[in-house]
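Trainee: From first to last, the protein sequence lines are chains Y and L.
Mapping to my numbering: the first sequence position 165 is 1015, numbers consecutive.
Mapping to my numbering: the second sequence position 84 is 92, numbers consecutive.
Note that CB positions come from ideal geometry on N, CA and C, so glycine has one too.
The structure under discussion is supplied below as structure tokens; questions concerning it will follow.
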Amino acid sequence: MYYYLYDSRLAEKKYGSTVAKIETRLTDLGINGKINHLSFLKNIQQVVGEELKRGVKTIVIVGDDKTFGQVINLIADFNVVVGFIPVEGKNDIARLLGIPEGEKACDVLSSRIIKKMDLGEINGYYFFTSLEVINHQVALECDNSYFINSEKKELAIKIANLDCYQEAPTQPDDNKLDIFLTGPKSTFFWKKNTDPPTHLKAKNIRITSFKSTPILLNDDGRIIKTPATITISHKKIKVIVGKNRLF
Amino acid sequence: MFKENQPAGETETVIGPSVKVEGDFVTEGNVVVQGTVCGTIKTSKDLKIGSKSKIFADVSAENALVAGEIQGNIRIGSRLELTSTAKVFGDVKTETLIMANGAILNGKCQMGNVKERSSRPDFTKQAKIDLKPQTTEELTENSNEENKKKKK
Chain Y
851 MYYYLYDSRL
861 AEKKYGSTVA
871 KIETRLTDLG
881 INGKINHLSF
891 LKNIQQVVGE
901 ELKRGVKTIV
911 IVGDDKTFGQ
921 VINLIADFNV
931 VVGFIPVEGK
941 NDIARLLGIP
951 EGEKACDVLS
961 SRIIKKMDLG
971 EINGYYFFTS
981 LEVINHQVAL
991 ECDNSYFINS
1001 EKKELAIKIA
1011 NLDCYQEAPT
1021 QPDDNKLDIF
1031 LTGPKSTFFW
1041 KKNTDPPTHL
1051 KAKNIRITSF
1061 KSTPILLNDD
1071 GRIIKTPATI
1081 TISHKKIKVI
1091 VGKNRLF
Chain L
9 MFKENQPAGE
19 TETVIGPSVK
29 VEGDFVTEGN
39 VVVQGTVCGT
49 IKTSKDLKIG
59 SKSKIFADVS
69 AENALVAGEI
79 QGNIRIGSRL
89 ELTSTAKVFG
99 DVKTETLIMA
109 NGAILNGKCQ
119 MGNVKERSSR
129 PDFTKQAKID
139 LKPQTTEELT
149 ENSNEENKKK
159 KK
């Protein structure tokens, strides 16, 4: 049994035809189910909990990366299969999972290739893709055994569970987080930064800084401030992926 | 062992030139170091140390290609290659060592497998030879005794 969670913006008129096409295709494939629109007024965790009691085994998120990021945090505690139908907007997660936009995603959904994937956790908040440190004067402590410091002041830091960094996708099922550190971009356009990026893997990362530094979660654009502890959660999520997935 | 242009998927860990790692760095994949490391580096696969890197650590790996400076002991499972820019200040233990012209190695070096060493013969079981010069009287006495024994 399928349960569909729609992004609140899909109620707008301009998405009417796209939503109609998706629903028609879902009916054709025989995987249609109950639909619920996300909104601030609804307690999604409670709603999902009730639906699971009724026998729902697959929750399908219809929206973009932000919708996926929001819903992942709400359903991480439940043992369900998660599907995704991307609809216009920022859809990097769908690209990594090999899911095409719109009604074509319904075919991926019906083929049900299920992968068990890791979930990252930052200060008790789950994330599926990656996070970035915006102000870069921070120190990283990895696996309680070594520290990473920058010799230059500005380094771009990215910590990823599932991401595609410089055309190399990370593995979301290796039980490790990928850390990428890149040097500052040159202020002169003709001077290119030729330094190779630092790439490490760790299970447990602690970010500290003298000043409170914002950390941006790429899933839903949420900002969390340092000090922060980032770990691989013991919870895994089962996600329906496409054949063209990047990992 | 090491290719110039390694595909991105093959190398698991890269420590870039502007990064300093401090502590016990233990991994199970290939490692490329181009920055600074203080503490310990341990990997069960290959290790490549770039020409501008500085390592103040004990190093342990299966194979290693060193082009930078290492201050610490190196323990390599099979093959250690020091390029012309390599500087090693510490003891080395490896199966095979390749050193380019210009490489610096200051420390004890142990190569090959210790089991391959041929065993020393046991000299203690050999009869002791008395090398004292004998007098003519002693020689005649000895020969008489031998003749008597033969007659009997």
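Leaving aside the five residues before and after Lys907(Y) along the sequence, list all residues of the same chain whose C-beta is less than 7 Å from its C-beta, in chain order.
Mentor: In the first sequence, the residue the question calls residue 907(Y) occupies position 57. Cβ neighbours of Lys907(Y) beyond the five flanking positions: Met851, Val930, Val931.
Trainee: Pick out whichever of Cys992(Y), Ser858(Y), Ile984(Y), Asn994(Y) has its Cα sitting closest to the Cα of Ile1065(Y).
Mentor: To locate residue 1065(Y), count along the first sequence from 1; it is residue 215. The shortest Cα separation from Ile1065(Y) among Cys992(Y), Ser858(Y), Ile984(Y), Asn994(Y) belongs to Ile984(Y).
Trainee: For Ile112(L), count the other beta carbons within 10 Å of its own beta carbon; 16 or more makes it buried, fewer makes it exposed. Which is it?
Mentor: Counting from 1 along the second sequence, the entry for residue 112(L) is found at position 104. Its Cβ having fewer than 16 others within 10 Å, Ile112(L) is exposed.
Trainee: Using a Cβ-Cβ cutoff of less than 6 Å, which residues in the same chain neighbour Asn13(L) once the five nearest sequence positions on both sides are dropped?
Mentor: Position 5 of the second sequence, counted from the start, is the residue given in the question as residue 13(L). Note on Asn13(L): pLDDT 45, under 50, position unreliable in the model; no value is reported.
Trainee: What are the residues in the segment 976-998 of chain Y lying within 7 Å of chain L by C-beta distance?
Mentor: Residues passing the 7 Å Cβ filter: Ser995, Tyr996, Phe997, Ile998.
Trainee: Identify which residue in Leu90(L), Gly115(L), Asp99(L), Gly37(L) has its Cα closest to the Cα of Asn109(L).
Mentor: Walking along the second sequence from the start, residue 109(L) turns up at place 101. That would be Leu90(L), whose Cα lies nearest to the Cα of Asn109(L).
Trainee: Between Asp968(Y) and chain L, is any beta-carbon pair separated by less than 9 Å?
Mentor: Position 118 of the first sequence, counted from the first residue, corresponds to residue 968(Y). Answer no: the Cβ-Cβ gap between Asp968(Y) and chain L never drops below 9 Å.
Trainee: Short of 8 Å in beta carbon distance, which residues of its chain neighbour Glu146(L), apart from the five on each side in sequence? Order them along the chain.
Mentor: Position 138 of the second sequence, counting from 1, holds the residue named residue 146(L). Closer than 8 Å at the Cβ level, and outside the excluded window around Glu146(L), lies no residue.
Trainee: CB Ile1009(Y) to CB Gly1033(Y), shorter than 9 Å?
Mentor: The residue you call residue 1009(Y) lines up with position 159 of the first sequence. The residue you call residue 1033(Y) lines up with position 183 of the first sequence. For Ile1009(Y) and Gly1033(Y), no; Cβs fall outside 9 Å.
Trainee: Please check if any C-beta of chain L sits within less than 9 Å of the C-beta of Lys1051(Y).
Mentor: On the first sequence, residue 1051(Y) is found 201 positions in, with the first residue counted as 1. Interface residue, yes.
Trainee: So what does DSSP say about Thr132(L), is it helix, strand or coil?
Mentor: Counting from 1 along the second sequence, the entry for residue 132(L) is found at position 124. Correct three-state label for Thr132(L): helix.
Trainee: Compare the beta carbon distance of Ala94(L) and Gln79(L) with 9 Å and say whether it is the shorter of the two.
Mentor: Here residue 94(L) is taken as the residue at index 86 of the second sequence, counted from 1. Here residue 79(L) is taken as the residue at index 71 of the second sequence, counted from 1. No. Outside cutoff.
Trainee: Which class does Gln1016(Y) belong to by DSSP, given the choice of helix, strand or coil?
Mentor: Translated into the one-based positions of the first sequence, residue 1016(Y) becomes position 166. Gln1016(Y) falls in the coil class under three-state DSSP.
Trainee: What does Pro1047(Y) reach in chain L if we use C-beta pairs closer than 9 Å?
Mentor: Within the first sequence, residue 1047(Y) is the residue found at index 197, counting from 1. By Cβ distance, chain L contributes Val22, Gly24.
Trainee: Measuring straight from C-alpha to C-alpha, what distance separates Ala72(L) and Leu1050(Y)?
Mentor: On the second sequence, residue 72(L) is found 64 positions in, with the first residue counted as 1. On the first sequence, residue 1050(Y) is found 200 positions in, with the first residue counted as 1. The alpha-carbon atoms of Ala72(L) and Leu1050(Y) are separated by roughly 19 Å.
Trainee: Check for me: the beta strand (DSSP E) holding Glu77(L) runs from which residue to which?
Mentor: For the purposes of this step, residue 77(L) is taken as the residue at position 69 of the second sequence. Taken as a continuous stretch (DSSP letters only), the beta strand (DSSP E) holding Glu77(L) covers 77-79.
Trainee: With 16 as the cutoff for other CB atoms within 10 Å, does Met967(Y) come out buried or exposed?
Mentor: Here the question's residue 967(Y) lines up with position 117 in the first sequence. Met967(Y) is buried by the Cβ-count criterion.
Trainee: Is there a C-beta anywhere in chain Y that falls below 9 Å from the one on Gln42(L)?
Mentor: To locate residue 42(L), count along the second sequence from 1; it is residue 34. So, interface residue.
Trainee: Name, in chain order, the residues that DSSP records as bridge partners for Ile112(L).
Mentor: Counting from one through the second sequence, the residue named residue 112(L) turns up at place 104. According to DSSP, which records beta bridges pairwise, Ile112(L) is partnered with Lys95(L).
Trainee: Can you pull the chain Y neighbours of Gly76(L), defined as C-beta to C-beta under 9 Å?
Mentor: Indexing the second sequence from 1 puts residue 76(L) at position 68. Those within 9 Å of Gly76(L) in chain Y number zero; the least Cβ separation is about 15 Å.
Trainee: Note down, in chain order, every chain Y residue with its Cβ under 8 Å from the Cβ of Lys28(L).
Mentor: Indexing the second sequence from 1 puts residue 28(L) at position 20. Within chain Y, the residues near Lys28(L) are Ile998, Asn999, Ser1000, Glu1001.
Trainee: Taking a contact to mean a Cβ-Cβ separation below 9 Å, would you say Leu806(Y) touches Cys1014(Y) in this structure?
Mentor: Past the edges of chain Y, shown from 851 to 1097, lies residue 806(Y), and the structure says nothing about it.
Trainee: Suppose the cutoff is 8 Å on Cβ atoms and the five residues either side in sequence are ignored; what does the same chain contact list for Pro1077(Y) look like?
Mentor: Mapped onto the first sequence, residue 1077(Y) falls at position 227. So the qualifying residues of the chain are Arg1056, Ile1057, Thr1058, Ser1059.
Trainee: DSSP three-state label for Glu12(L), please.
Mentor: Locating residue 12(L) in the second sequence gives position 4, counting from the first residue. With a pLDDT of only 44 at Glu12(L), under 50, the local geometry of the prediction cannot be trusted, and no value is derived from it.
Trainee: For chain L, check one thing: does any of its Cβ atoms lie closer than 9 Å to the Cβ of Gly948(Y)?
Mentor: As a first step, residue 948(Y) must be located in the first sequence, where it is residue number 98. No, its Cβ sits nowhere closer than 9 Å to a Cβ of chain L.
Trainee: Look up Leu1066(Y) in the DSSP assignment and say whether it is helix, strand or coil.
Mentor: Counting from one through the first sequence, the residue named residue 1066(Y) turns up at place 216. Note: Leu1066(Y) maps to strand in three-state DSSP.
Trainee: How would you list, in chain order, the residues of chain L whose beta-carbon sits under 7 Å from the beta-carbon of Leu1027(Y)?
Mentor: Working through the first sequence from its first residue, we reach residue 1027(Y) at position 177. Within chain L, no residue comes near Leu1027(Y); the closest Cβ sits about 13 Å away, beyond 7 Å.
Trainee: Starting from Asn929(Y) and walking both ways along the alpha helix (DSSP H), at which residues does that stretch end?
Mentor: Stepping through the first sequence from its first residue, residue 929(Y) is reached at position 79. Looking at the DSSP string, Asn929(Y) is not in any alpha helix (DSSP H), and its letter there is neither H nor E.
Trainee: Excluding the 5 residues preceding and the 5 following Lys1053(Y) in the sequence, name in chain order all residues of the same chain whose CB lies nearer than 8 Å to its CB.
Mentor: Locating residue 1053(Y) in the first sequence gives position 203, where the first residue counts as 1. For Lys1053(Y), where only same-chain residues beyond five positions count, the Cβ hits under 8 Å are Asp993, Asn1025, Lys1026, Leu1027, Thr1081, Ile1082.
Trainee: Kindly indicate if chain Y contains any beta-carbon less than 9 Å away from that of Gly37(L).
Mentor: For the purposes of this step, residue 37(L) is taken as the residue at position 29 of the second sequence. Chain Y, which has a Cβ nearer than 9 Å to the Cβ of Gly37(L), makes this yes.
Trainee: For a test of the three-state rule: what should DSSP assign to Leu969(Y), helix, strand or coil?
Mentor: The count along the first sequence starts at 1 and reaches residue 969(Y) at position 119. Looking at Leu969(Y) - three-state DSSP - the assignment turns out to be strand.
Trainee: Which residues in the same chain have their Cβ closer than 7 Å to the Cβ of Leu981(Y), if we skip the five residues on either side of it in sequence?
Mentor: For the purposes of this step, residue 981(Y) is taken as residue 131 along the first sequence, with counting starting at 1. Counting only Cβ-Cβ distances below 7 Å, and skipping sequence neighbours, we find Ile972, Ile1009, Ile1065, Leu1066, Leu1067, Asn1068.
Trainee: Mind listing the chain Y neighbours of Val34(L)? Cutoff is C-beta to C-beta under 9 Å, in chain order.
Mentor: The residue you call residue 34(L) lines up with position 26 of the second sequence. In chain order: Asp993, Ser995, Tyr996.
Trainee: Rounded to whole angstroms, what is the Cα-Cα separation between Thr51(L) and Pro1019(Y)?
Mentor: What you label residue 51(L) is simply residue 43 of the second sequence in a count that begins at 1. What you label residue 1019(Y) is simply residue 169 of the first sequence in a count that begins at 1. Whole-angstrom Cα-Cα distance: 23 Å.
Trainee: According to DSSP, simplified to helix, strand and coil, what is Asn999(Y)?
Mentor: As a working note, residue 999(Y) is residue 149 in the first sequence. Residue state, collapsed to three classes: strand.
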